[in-house]
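Chains as they are written, first to last, in numbering that gives the first Met the number 0: chain X, 0 to 395; chain G, 0 to 395. Ideal Cβ placement from N, Cα and C applies to all residues, glycine included. The structure presented is a predicted model; accordingly, all values stated were derived computationally and were not measured. What follows is a set of notes on a single structure, which appears directly below.
2 protein chains.
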Amino acid sequence: MRRMTARPANAHQARLLRLLRDGGPNSRAQLGDQIDLSRSKLAVEVDRLLETGLVVADGLAASRGGRRSHNIRLAPGLRFLGVDIGATSVDVAVTNAELEVLGHITQPMDVREGPVAVFEQVLAMAAKLKASGLAEGFDGAGIGVPGPVRFPEGVPVAPPIMPGWDGFPVREALSQELGCPVMVDNDVNLMAVGEQHAGVARSARDFLCVKIGTGIGCGIVVGGEVYRGTTGSAGDIGHIQVEPDGRQCACGNRGCLEAYFSGAALARDAEEAARDGRSPELAGRLEAAGKLSAADVAVAAAAGDGTSLDLIRDGGNRTGQVIASLVSFFNPGLVVIGGGVTGLGHTLLAALRTQVYRQSLPLATGNLPIVLGELGPAAGVIGGARLISDHLFSPA
Amino acid sequence: MRRMTARPANAHQARLLRLLRDGGPNSRAQLGDQIDLSRSKLAVEVDRLLETGLVVADGLAASRGGRRSHNIRLAPGLRFLGVDIGATSVDVAVTNAELEVLGHITQPMDVREGPVAVFEQVLAMAAKLKASGLAEGFDGAGIGVPGPVRFPEGVPVAPPIMPGWDGFPVREALSQELGCPVMVDNDVNLMAVGEQHAGVARSARDFLCVKIGTGIGCGIVVGGEVYRGTTGSAGDIGHIQVEPDGRQCACGNRGCLEAYFSGAALARDAEEAARDGRSPELAGRLEAAGKLSAADVAVAAAAGDGTSLDLIRDGGNRTGQVIASLVSFFNPGLVVIGGGVTGLGHTLLAALRTQVYRQSLPLATGNLPIVLGELGPAAGVIGGARLISDHLFSPA
DNA sequence: CCACCTTTGTCCTGTGACTGGAGAAAGTCA
DNA sequence: TGACTTTCTCCAGTCACAGGACAAAGGTGG
Chain X
0 MRRMTARPAN AHQARLLRLL RDGGPNSRAQ LGDQIDLSRS KLAVEVDRLL ETGLVVADGL
60 AASRGGRRSH NIRLAPGLRF LGVDIGATSV DVAVTNAELE VLGHITQPMD VREGPVAVFE
120 QVLAMAAKLK ASGLAEGFDG AGIGVPGPVR FPEGVPVAPP IMPGWDGFPV REALSQELGC
180 PVMVDNDVNL MAVGEQHAGV ARSARDFLCV KIGTGIGCGI VVGGEVYRGT TGSAGDIGHI
240 QVEPDGRQCA CGNRGCLEAY FSGAALARDA EEAARDGRSP ELAGRLEAAG KLSAADVAVA
300 AAAGDGTSLD LIRDGGNRTG QVIASLVSFF NPGLVVIGGG VTGLGHTLLA ALRTQVYRQS
360 LPLATGNLPI VLGELGPAAG VIGGARLISD HLFSPA
Chain G
0 MRRMTARPAN AHQARLLRLL RDGGPNSRAQ LGDQIDLSRS KLAVEVDRLL ETGLVVADGL
60 AASRGGRRSH NIRLAPGLRF LGVDIGATSV DVAVTNAELE VLGHITQPMD VREGPVAVFE
120 QVLAMAAKLK ASGLAEGFDG AGIGVPGPVR FPEGVPVAPP IMPGWDGFPV REALSQELGC
180 PVMVDNDVNL MAVGEQHAGV ARSARDFLCV KIGTGIGCGI VVGGEVYRGT TGSAGDIGHI
240 QVEPDGRQCA CGNRGCLEAY FSGAALARDA EEAARDGRSP ELAGRLEAAG KLSAADVAVA
300 AAAGDGTSLD LIRDGGNRTG QVIASLVSFF NPGLVVIGGG VTGLGHTLLA ALRTQVYRQS
360 LPLATGNLPI VLGELGPAAG VIGGARLISD HLFSPA
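What follows is the structure, given as C-alpha cells:
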C-alpha cells in the first residue's frame, strides 16, 4: 500500500513541479518563459522529471505560430488527501496533483473523543474515497487540527478544546496509517493557505484570515508564508479580552472574545433569547430541533428576525473591534472572513467593516478589502493538499 | 565630498562583510569556519574584497596551535551615520563599520517644524561629529522618523504627528545632502533592529519591540526581518481603542491607547494631578519647571509619590492589555519595552507583565520574557547604522 | 635546538552546472 | 510552395567551486 512518490532532486525541478501544479499542463517552451533557465538546462530537468514519473507527456500544446510543442503535466495518478478536523466535524477530500478537489466528504464528529477515535473515522472516510475509484493510493496528506501545533514535528501542543490530543504524534501516526508523507497544521492556517491558493487571497502577500467557527482563530500570512509564531500559537485571538471582568470563558479567564462571539456562544445566546421569549422565530426552531446552532441564527436573521440580527451585529461589533486592533498592528493587505458562521453573511460583514473602518487609521484601512472566503468548507482541505504538495514539491 | 564606497560583488562577499561587521576582525581560517566555502574560493573572495578596499589586513591573529594567520577587518575608515528623529528630539551618531558608536549627539527639536528645518539641524549635527575628527565622510546613513514610511522609496506617508512630512522625499534629499546612500524607516523599527543587533534581542527571531515615547509604536520582527506591513504602517498600536467612547485622541477617534498612556498623556495627567493637589511632589516640580514631563513622573515615583506610581500602574495596565492581545495574536519569543518612558522602569514593567501573563494563554506566555531594552537612546541610531550597513553589505 | 606535528595559505586540476549558438525538425502563413 | 516562426536537440565553451598537493609558518616535546 505504501507509495514511494519520487521527490524533486533540486530546486529547479521543485520550481517546475509547482509551476505545473499551479498553472496546469504546459509546454516546455511555456515553462521556459516562466523560469530563468536556458532551454538546454530546462530540457534536461524536464527529462529527469519524466524519468521519475512525477510528470508525463500530455499531447500537443496549442500553437503559438510555429512548431507545436508537446505538453507536460503532473502525473495524472497523483493524489493528495486534505483533512480538516474541526471541533464538531471532519472534512476529508482527495485532490489531484493540480489540487483540484475530486471528492469531498463531511461528517459530524467530536474532537473530544480523542485522536484514536477521530483517526479511525478519518481513515474510514479516506478509504471510502479510495473505494469510489477516485484514488488508488495517496501520495501525501495535509491535516488541519483545531488547536496549536508544533509544526516541524506535527504534534498538537496544549490544545484547549482537544483534551487528549496534547503531544499526540499526529504526523507520525497518520503517516504510518496512510503510508504516505503527512504534514499537520492548525486548521485556521490551512484555511488561509487554501484561500491563498485557490480563493480570494490569490494575489495577497500579507493578509489575515479570520475563522469564526466553534471558536475564533486567525491565520497570519507574511510575505506569502504562514506565520506560526514561536510556539505555534500565533493567531489565537479567541481569548483576547474584549470586556474587563466580562463573561466567564472556558479558558478560565473572563471577557474573552470567544465567550461573546463564536459558533458556540452564538448558539447559547440564541437559545437564551428563544427561552426568554425575545424571538418567536428562534423559539420555534428550538422547539423543533431541541437545540440551536449558529446556522439557525443565520436562517432566522435572513427571515428578518430582529433578535437574531442583533446577536449577529453585536458579535460582529465585538469581533470587529479586535480585528481593528489587529489591522492597526499588522497592516494587512486583505482580511478574509471564513468558518462556519459565514452563513451570517452580509450582516456580519457590515458590522465588522464598520468597526474596522471606524477604529483603524486611514493609512491602514485605505485600501483594505474585508471579504468572505470564497471556498467555504473546501478552504481547509485545499489548504491541506497545498501544504503537503509544497512539502513534496521541494528539494529532498 | 561624495564617497564612492565599493559594494560586494556577490553573495559570498556580502556574507563575509556581515561576518566581519558582527564578529569583528577575523582570520581567513576563522571566516572559513563560519562560511560554507572551500579555502580556495574563500581566499579568492577575500582577495577581491581587499582590492576594493572594503576590508584591510590587520596584523596577526591569535595562535590556534599552528601557523599564525593574518587578521582581516573591515576598513577602519568606514563610517555610518545613524539618525533618530523623534517627536521632540534628534539623535545623531557615527559608528565604524562594526557599528560601534564613536560619537553621539542629542538635541531637542520639534518635528512639526518640518523636514527642511529638521534636516538643517541633522546636517549641522553630522558636521559637528565630522569636525570632531570622528569621521572624514559618511559611507551611508540610516534615518528613523516617527511615523509610517514607504520603505522602498524612503518617503513618509500620512504621518499623523509630522505635518509637512507627508510625501517628502527624505531618502533622496538626505542622500543628496550627505553624498552617501541613505535608508529611511520608522523610528520604532530602527529601535527593534538596534536591540536585535546589539541589545536584548540578539538571539530572538520573532519578537516585538514596544516603544513608549511621545507616542506608542511597536516594531515587529518576523524571522529576523522587520515586518512593515502593506503600506508601512504595521506596528501602529497607539491608536488601538482601549476604552469605548473614551478620551478624545489627537487622531480624531476616542479611547485610543495613546490618549491614556504615552509621554504626552502622562505629562498631561501629571500636571492635572499636580494642580488638583493630589500630589505635592508633582506640584512642587510643576512650580519649579513650569511644566511636567514623563521624566518628572519617573523621579516622583522613585521618590515614592503614590499618585505618580498610580499613573504609571494605570498606564501600564492599559498598555499591558494591548500587549496581551498582541502576544495572543503574534506569539512572539520576546517583548522589548523601550522609548522615553523606560525611566519608569520596574513599576511599569511589573504592571505590563501582570496584564500579559494574566490575559494571554499559557502556551504563548509560558517562556516569554518581557524586558526593557538595554540600549536606551542608542538603540535607534545603532538600528539606523545597521539598516544602512545591511543595505550596503548586500550584493549590488 | 631539532624533529615532528598542526595550522594556514597557495596553486592547480578536475568536475558539474549552466549558457548560448548552430542547426534540424515541425509547424504557420501568405 | 517558399519564407518565416517556434521548438527541440546537440555541443562546445565558460564559470564557479571543491579538494588535493604542497609550501610556509608556527607550536611542542624531547
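Chain-order list of residues whose beta-carbon lies under 6 Å from that of residue i (same chain, five-residue window excluded)
| i | result |
| --- | --- |
| Pro24 of chain G | Asp57, Asn70, Arg72 |
| Val148 of chain G | Pro155, Val183, Asp184, Asn185, Gly231 |
| Leu265 of chain X | Ala293, Val296 |
| Trp164 of chain G | Pro114, Pro155, Pro158 |
| Glu242 of chain X | Gly254 |
| Gln175 of chain G | none |
Short CB-CB distance (under 8 Å) between residue i and chain G
| i | result |
| --- | --- |
| Tyr226 of chain X | yes |
| Leu351 of chain X | no |
| Pro75 of chain X | no |
| Ala363 of chain X | yes |
| Leu189 of chain X | no |
| Cys250 of chain X | yes |
| Ser324 of chain X | yes |
| Pro147 of chain X | yes |
| Ser278 of chain X | no |
| Val221 of chain X | yes |
| Ser261 of chain X | no |
| Cys217 of chain X | yes |
| Gln12 of chain X | no |
| Gly85 of chain X | no |
| Thr229 of chain X | yes |
| Gln358 of chain X | yes |
| Ser232 of chain X | yes |
Within-8 Å CB hit, residue i to chain X
| i | result |
| --- | --- |
| Val156 of chain G | yes |
| Asp235 of chain G | yes |
| Gln320 of chain G | yes |
| Gly143 of chain G | no |
| Phe405 of chain G | No answer is possible for residue 405 of chain G: it lies beyond the span of chain G, which begins at 0 and ends at 395. |
| Asp205 of chain G | yes |
| His238 of chain G | yes |
| Pro7 of chain G | no |
| Gln195 of chain G | no |
| Gly332 of chain G | yes |
beta-carbon residue i near the ligand FMN non-hydrogen atom, thresh 7 Å
| i | result |
| --- | --- |
| Ala266 of chain X | Looking for the ligand FMN in the displayed structure turns up nothing, as the structure carries no ligands at all. |
Beta-carbon gap between residue i and residue j smaller than 8 Å
| i | j | result |
| --- | --- | --- |
| Arg78 of chain X | Ala8 of chain X | no |
| Gly383 of chain X | Asp83 of chain X | yes |
| Leu291 of chain G | Gly315 of chain G | no |
| Arg27 of chain G | Val43 of chain G | no |
| Gln195 of chain G | Val169 of chain G | no |
| Gly85 of chain X | Pro145 of chain X | yes |
| Asp304 of chain G | Glu286 of chain G | no |
| Arg385 of chain X | Val192 of chain X | yes |
| Phe150 of chain G | Gly234 of chain X | no |
| Gly143 of chain G | Gly379 of chain G | yes |
| Ile215 of chain X | Gly237 of chain X | yes |
| Ile239 of chain X | Val187 of chain X | no |
Other residues of its chain near residue i: CB distance less than 8 Å, five sequence neighbours each side excluded
| i | result |
| --- | --- |
| Pro394 of chain G | Arg6, Pro7, Ala8, Asn9, Ala10, Gln12, Ala13 |
Rounded distance between the beta-carbons of residue j and residue i, thought under 8 Å
| i | j | result |
| --- | --- | --- |
| Gly181 of chain G | Ala140 of chain G | Sequence check: residue 181 of chain G is Val here, not Gly. With 8 Å as the limit, Val181 of chain G and Ala140 of chain G qualify as a contact, their Cβ atoms being about 5 Å apart. |
| Val91 of chain G | Ala125 of chain G | 6 Å |
| Gly332 of chain X | Arg201 of chain X | The Cβ separation is near 12 Å, so there is no contact. |
| Leu41 of chain X | Leu30 of chain X | 6 Å |
| Ala263 of chain X | Ala273 of chain X | That pair is no contact at about 16 Å. |
| Arg312 of chain X | Gly178 of chain X | Incorrect: roughly 49 Å between the Cβ atoms, too far for contact. |
| Met190 of chain X | Gly218 of chain X | 6 Å |
Residues near residue i by beta carbon distance below 7 Å, same chain, minus five either side
| i | result |
| --- | --- |
| Arg17 of chain G | Phe392 |
| Val199 of chain G | Val335, Val370, Gly372, Glu373 |
| Gly319 of chain G | Ala350, Leu351, Thr353, Gln354, Val355 |
| Ala96 of chain G | Arg20, Leu73, Ala74, Leu77 |
| Leu101 of chain X | Val93, Thr94, Asn95, Leu133 |
### Query
Counting pairs of Cβ atoms below 8 Å between the region 199-218 of chain G and the region 338-358 of chain X, do you hit three or more?
no
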